[in-house]
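Have a look at the structure below before the remarks.
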Amino acid sequence: MVKKVILLDGGMGQEIVNRGGKGGYGEWAAAALHEDPDLVRQIHADYIEAGADVITTNTYGTTRARLRHVGIEDRLGELLSAAGQLACEARDHSARRDVRIATSLPPLEASYASEFTLSFAQTAGEFAELMDLLDPYVDIFLGETLSTIFEAKAFLEAAAGRGKSIWLGLTLQDHGSTHLRGGAQLSDAITSISEQSPDALLINCCTPDSIASALPDLRAGGIPFGAYANGFVEIPDVWDELGGVAQLATRTDLTPEVYAEEARKWIAGGASIVGGCCEVGPAHIARLRQLIDEFD
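Using this note's numbering, read the sequence shown as starting at 153 and increasing by one per residue.
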């Protein structure tokens, strides 16, 4: 059980892009694992220095479908191992050996999708494969930015019985919605996963006001919960997966102080895990560290 406010890190993929890495589909985040591993390690180190209690492996872009698109699916195991090792090295080279490491286990075919080519068994199987490869490096299996009950249940089935903490991250429609991007009501999703209950339920990669709207449903669900918003203006209703993050506009007003004020509402509303998603960087996490320490 989550008993106090835990601070996650911020976004990795966009931080890589902002520091000169690639942003195209199939390369976003993943390319840095073999082209610039020092960059990935440094970003992890920056989040640890900022005060994160949990850092997340650079594996959001490292799925079979994404790697297949750029012709390097055969390097899946190598890249996942590299991601796990880089997170461990950043932690082990820091003064904070108590930092935990979580997986970034993303939607397997496309972000924000509601229809899939993989069956439920295939989806659970691919999640299990990613977990098997990352298991030696991590403390927490975090499935994030999942848009449907289908994905959530497949992730939870794959994670069960492995002896790790299980955190489920769902993404909501923007601008105050309580609907998953796949269309289901958050309350219905919480009911659907009740028998597979994760150790924590998170809302991520949506606008901060959607997280605020979700708080009553999260409290009613009875599962420890938290949140980490993105810094985009919005995710378009018609999302082109191959177009990637280039089709998104970043908010210019979401400063560390503004973001911290949003997170203050989440903590006051019962959130016990907070952090940041895309376009929320080390400076935001450092401010959240100050905020959490105020609560403690």
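Glycine is no exception: its CB is placed at the ideal position from the N, C-alpha and C atoms.
Taking the beta carbon of G321 as the centre, do at least 16 other beta carbons fall within 10 Å, making it buried, or is it exposed?
buried
Quick one, are the C-beta atoms of G378 and S424 less than 7 angstroms apart?
yes
Residue(s) in a DSSP beta bridge with Q337
Q337 is bridged to H331.
So what does DSSP say about F447, is it helix, strand or coil?
Here F447 carries a helix assignment [DSSP, helix/strand/coil].
Compute the beta-carbon to beta-carbon distance between T255 and V206, rounded to the nearest angstrom, for a pair I have assumed lies under 8 angstroms.
Not really, about 11 angstroms apart at Cβ, beyond 8 angstroms.
For the segment 167-180 and the segment 436-446, state whether three or more C-beta atom pairs, one from each stretch, are separated by less than 8 angstroms.
no
Please list the terminal residues of the continuous alpha helix (DSSP H) segment that includes T208.
T208 -> not in any alpha helix (DSSP H); beta strand (DSSP E) instead, spanning V206 to T208.
Report yes or no: do the segment 216-229 and the segment 164-173 share at least 3 C-beta pairs separated by less than 8 angstroms?
no
Would you say E332 and S299 are within 7 angstroms of each other, going by their C-beta atoms?
This sequence places Leu at residue 332; Glu is not what is there. Taking 7 angstroms as the Cβ cut-off, L332 and S299 qualify as a contacting pair.
Per DSSP, cross-strand counterpart(s) of T402:
F384
Would you kindly report the start and end of the unbroken beta strand (DSSP E) that includes A262?
Looking at the DSSP string, A262 is not in any beta strand (DSSP E), and its letter there is neither H nor E.
Residue of D389, V385, I355 and D284 minimising C-alpha distance to I375
Checking every option, the nearest Cα to that of I375 belongs to I355.
Span of the beta strand (DSSP E) around A352
Unbroken beta strand (DSSP E) run through A352: A352 to N356.
Is S271 buried or exposed, if buried means 16 or more other CB atoms sit within 10 Å of its CB?
exposed
Output the residue ranges of the alpha helix (DSSP H) runs that lie fully inside the segment 223-309 and measure 4 residues or longer, sorted by chain position.
228-244 and 272-286
A247 versus E278 - alpha carbon distance:
When only Cα atoms are considered, A247 and E278 end up about 35 angstroms apart.
Between which two residues does the beta strand (DSSP E) holding L219 run?
It is not in any beta strand (DSSP E) - L219 instead sits in the alpha helix (DSSP H) that spans R216 to H221.
CA-to-CA distance, A372 to P189, given in whole angstroms:
Distance between the alpha carbons of P189 and A372 is about 42 angstroms.
Please state the DSSP three-state secondary structure of S344.
helix
Do you know offhand how far S266's Cα is from L260's?
12 angstroms
Return the first residue and the last residue of the alpha helix (DSSP H) that G321 is part of.
That residue, G321, is in no alpha helix (DSSP H); its beta strand (DSSP E) goes S317 to L322.
Where I363 falls: helix, strand or coil (DSSP)
The answer is helix: DSSP assigns I363 an H, G or I state.
Suppose you measure from the CA of C429 to the CA of S329; what does that come to, to the nearest Å?
Distance between the alpha carbons of C429 and S329 is about 18 angstroms.
Taking the CB atoms as reference points, tell me whether G229 and L285 lie closer together than 7 angstroms.
yes
Of the residues G396, G383, P388 and I387, which one's Cα is nearest the Cα of V432?
G383
Can you check whether the CB of T209 is closer than 7 angstroms to the CB of L231?
Cβ distance not < 7 angstroms, so L231 and T209 don't count as in contact.
Measure how close the beta-carbons of Y199 and G162 come, nearest whole angstrom, since I'm counting them as under 8 angstroms.
6 angstroms
Cβ shell of A181 (< 7 angstroms), same chain only, five flanking positions each side left out:
M164, G165, I168, N210, Y212 and G213
The alpha helix (DSSP H) with C160 in it runs from where to where?
Note that residue 160 is Leu in the sequence shown here, rather than Cys. That residue, L160, is in no alpha helix (DSSP H); it is neither H nor E in DSSP.
Identify, in the order they occur along the chain, each residue of the same chain with its Cβ nearer than 8 angstroms to the Cβ of W418, setting aside the five sequence neighbours on each side.
Exclusion of the five residues before and after W418 leaves I363, A364, L367, G378, A379 and V426 as the residues of its chain whose Cβ lies within less than 8 angstroms of its Cβ.
State the Cα-Cα distance for the pair E303 and C240, rounded to the nearest angstrom.
About 28 angstroms.
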